[in-house]
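Here the structure is laid out as structure tokens; the discussion comes afterwards.
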Amino acid sequence: KAGVTQTPRYLIKTRGQQVTLSCSPISGHRSVSWYQQTPGQGLQFLFEYFSETQRNKGNFPGRFSGRQFSNSRSEMNVSTLELGDSALYLCASSSGTGLDNEQFFGPGTRLTVL
Amino acid sequence: AQSVTQLGSHVSVSEGALVLLRCNYSSSVPPYLFWYVQYPNQGLQLLLKYTTGATLVKGINGFEAEFKKSETSFHLTKPSAHMSDAAEYFCAVGFSGGYNKLIFGAGTRLAVHP
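Heads up: the sequence lines are chains A and B, in that order. Those letters in the first sequence? Residues 1 to 114, by this note's numbering. Those letters in the second sequence? Residues 1 to 114, by this note's numbering.
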């Protein structure tokens with residue numbers, strides 16, 4: 001069974017640009033969550049999608065957005081990039097929206113903003 | 001509000017020695033508690049989790065953790081460290097009704113020396 005796939009794995013952008021990251025969950029999983037990991041702030045929850053609906057949202061500015069498609073693949077978008085957006089972005093998939101279901105994490109996309 | 005505190009950002013042990021990584025949480029509702037491990041350039045892998053029931057939880061790779069409600073702790077232990085245990089370890093808390101959102105501690109980097 002293939003794991004969670006994130007593309008691209010590495011990305012370099014400049015300030016002011018926008019970026020779209022992609023996450024393909026494990027087959028059959030309908031929940032996708034996104035996290036930002038930085039040395040200063042650690043791992044922070046961005047948002048969760050289940051069956052194309054955003055179920056939960058973290059404390060991030062509106063520049064961070066996401067969506068989920070009917071095949072459960074998810075994308076997150078960051079507009080007007082800032083230097084502080086440099087981070088490892090992780091997505092996790094789960095078969096359901098409760099914590100009794102294990103979440104499986106992808107390898108992440110490392111975004112560098114210059 | 002929920003939060004997680006991991007005592008010690010770096011822990012160093014000798015191969016064969018006891019591993020003890022400390023985690024304390026704050027939660028106004030019954031928590032779900034997790035330990036994840038992250039190897040370099042990889043995502044997070046679940047070691048073990050506590051939801052309800054038995055307070056001593058056994059996980060993969062010989063790790064275990066004990067939920068102590070009175071101490072609001074969920075410390076991770078392993079009787080005998082192996083070189084392959086060197087990684088970063090994250091404690092996380094979630095709660096029923098929060099969907100799949102996890103709040104992570106800052107992480108503890110474990111070094112194992114011969």
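For each residue, glycine too, the CB sits at the ideal point set by N, CA and C.
Close CB contacts of B/L20 within its chain, under the 7 Å cut and outside five residues either way in sequence, are with H75 and T77 (chain order).
The beta carbon of A/F105 falls within 7 Å of a beta carbon belonging to chain B, placing the residue at that interface. The beta carbon of A/T97 sits closer than 7 Å to those of S31, F50 and R55, all from its chain and outside the five residues before and after it, given in chain order. The contact set of A/N59 on chain B, defined by CB atoms closer than 7 Å, is empty, because the minimum CB distance reaches about 11 Å. Here the alpha carbon of A/S86 sits roughly 8 Å from the alpha carbon of A/T38. Annotation for A/T7: S22 place their beta carbon closer than 6 Å to its own, counting only its chain and skipping 5 residues before and after. For B/N24, the three-state secondary structure derived from DSSP is strand. Shown in chain order are the members of the segment 30-58 of chain A whose Cβ falls below 7 Å from a Cβ of chain B: S31, S33, G42, L43, F45, E48, R55 and N56.
For the C-beta of A/T97, the chain B residues within less than 7 Å are, from N- to C-terminus, Y99 and N100. For B/A111, the enclosing beta strand (DSSP E) has its first and last residue at T108 to H113. For the pair B/V11 and B/G105, the CB atoms are not nearer than the 7 Å cut-off. Taking the Cα positions, B/A17 is about 44 Å away from A/S72.
The contact set of A/G62 on chain B, defined by CB atoms closer than 8 Å, is empty, because the minimum CB distance reaches about 19 Å. Using a Cβ-Cβ cut-off of 7 Å, A/S24 does not count as an interface residue toward chain B, since no Cβ of chain B sits closer than that to its own. Against B/Q2, chain A offers no close residue; the least beta-carbon distance is about 11 Å (beta-carbon pairs closer than 8 Å). A/G108 has its alpha-carbon roughly 6 Å from the corresponding atom of B/G43. A/E75 has a beta carbon lying at 7 Å or more from every beta carbon in chain B.
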